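Residue numbers (my numbering): 1 to 332.
The C-beta atom is built at its ideal place from N, Cα and C for all residues, glycine as well.
This one's a predicted model, so the numbers in the text were calculated from it and none came from an experiment.
Data block below; observations after.
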Amino acid sequence: MADTRLSFDELALLLRRVFEAQGLPARIAAVLGENCAACQRDGALSHGVFRIPGYVSTIQSGWGSPSALPVIDAGEGALIGVDACGGFAQVALDAARPLLLERVRAQGIAALSIRNSQHFSALWPDVEPFAEAGLVALSVVNSMAVVAPAPGATPVFGTNPMAFSSPRAGQPPYTWDQASSALAHGDVQIAAREGHKLAPGTGVDAQGTPTDDPDKILNGGALLPFGGHKGASIAMLIEILAAAFTGGAFSSEVDWSDHPGAKIPLTGQFLLVMDPSHTDGFAQRVAQLSDAVRASGSARLPGDRRHRIRAEAAQKGVALTTADLAMIKGYL
Ligand code: NDP
Ligand code: PYC
């Protein structure tokens, strides 16, 4: 519901000032402000300005090292390591991007292995810019143990999203970005706040019994993987790549009990980028396949909704509620 609209630049600047007011260095504040504003602009509301109180309470809790600058281990091959040193994954990616692009262009494929990083956002902003530059990108990040592998089991996985983006001729990149849980934790929080029930299969209560009540999932219960054991396998793959491979923490190892107010997991992120230019007409082939999916009767492809809302925001401004705008200004 839009009560008010700001231009993207106005919102990004406002959010940057919120992060600066929390003591973050200008470059880090700018990266986070732009990332959060992009989520709001595209209607990715579970990771838009709704997240600002969580960013602030985490910074104030002393959890992680939000002002830390990443240390890059350039190596020589396709794999670039980054120790985010307790800082934000988006800041690590921002710092390593030029080297990553150089390696991808030279070798056709390169990967970023980020550890000790905080990620509190959607994942599509991390991959879509690569597709806009003609590259194919895939990323995974793990979070905090709120997902039980099966009903009745103990939470061990994070909501662990995976995002993919590819160039597509004549259309915006083909991008999808999805949690490996039945629902993102942010959407469960929004449902609890707005008093909505959840779809069957979303989660269980503290006794492991299936429930449609978001409050029961949030208070001692757990989310379930999407698609039963198949989603659990994807969640496990993400723990292996984002944590075991990078050297970051598993979701089940995140222990912020000494930091009340901390909400941003400190784990890892893996990002793979490929140059499709060895195949003539790659982006045309992706467009051909998209068109076939649409022609099959599938009315909506992933990313369609976001790009439609983004186009609307370019015309009218980014939609915000007056309550959200007041909340943001309250931090300045
Ligand atoms: P959704 O289920 O809302 O959407 C997943 C994907 O499917 C999106 O690409 C979406 O496109 C597309 N989609 C949705 N509905 C349809 C449809 N009917 N037909 C075709 N495509 C569709 O996302 P999730 O709830 O799984 O995740 C929400 C966000 O939460 C993600 O951005 C994720 O990265 C983030 N997240 C972040 C975490 C973190 O640790 N940082 C942890 C977990 C989640 P579109 O965007 O166009 O709607
Ligand atoms: O929505 O599940 C989620 C989430 C976890 C960490 C950041 N977002």
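Across the structure, G303 and I238 are spaced so that their CA atoms are roughly 22 Å apart. Of the heavy atoms belonging to the ligand NDP, at least one sits nearer than 7 Å to the Cβ of G186. Residue pairing by DSSP places Q269 opposite I114, V141 in a beta bridge.
Judged by DSSP in its simplified three-state form, S180 adopts coil rather than helix or strand. The distance from the Cβ of G64 to that of Q118 is about 5 Å, consistent with a contact at the 8 Å cut-off. Every alpha helix (DSSP H) of 4 residues or more that sits fully in the region 191 to 244 is shown, in chain order, as 214 to 218, 229 to 239. In the structure shown, the three-state DSSP call for G33 is helix. Rounded to the nearest angstrom, the gap between the Cα atoms of R16 and P200 is 39 Å.
For D83, the uninterrupted beta strand (DSSP E) run begins and ends at 79 to 83, by DSSP. Counting of Cβ neighbours within 10 angstroms places G247 among the exposed residues, the total staying below 16. No Cβ-Cβ contact shorter than 8 Å links F157 with L138. Beta-bridge analysis with DSSP links S165 to A137, T175. Here M327 is not bridged, per DSSP, to any residue. Across the structure, A287 and S166 are spaced so that their CA atoms are roughly 10 Å apart. A133 and I328 have their C-alpha atoms some 33 Å from each other. DSSP places T4 within a strand segment (E or B) once states are collapsed to three. If you check the CB distance, F282 and F245 do not come in under 8 Å. About 5 Å separates the Cβ atoms of Q90 and V31, confirming a contact at the 8 Å cut-off. Assignment of V188 by DSSP, reduced to helix, strand and coil, places it in the helix class. Residue environment for L320: buried (at least 16 other C-beta atoms within 10 angstroms of its C-beta). The DSSP-derived three-state label of I28 is helix. Approximately 17 Å separates the beta-carbon atoms of A131 and C39; this is outside 8 Å, ruling out the contact. Shown here, L332 sits in coil according to DSSP, grouped into three states, outside any helix or strand. With distances taken between CA atoms, C85 lies nearest to I114 out of I114, L241, T159, S233. In this structure, F120 has its CB closer than 7 Å to one or more heavy atoms of the ligand PYC. Counting C-beta pairs with one atom in each stretch, the region 68 to 77 and the region 49 to 60 have fewer than three that are closer than 8 Å, which means they do not touch. Shown here, I109 sits in a strand according to DSSP, grouped into three states.
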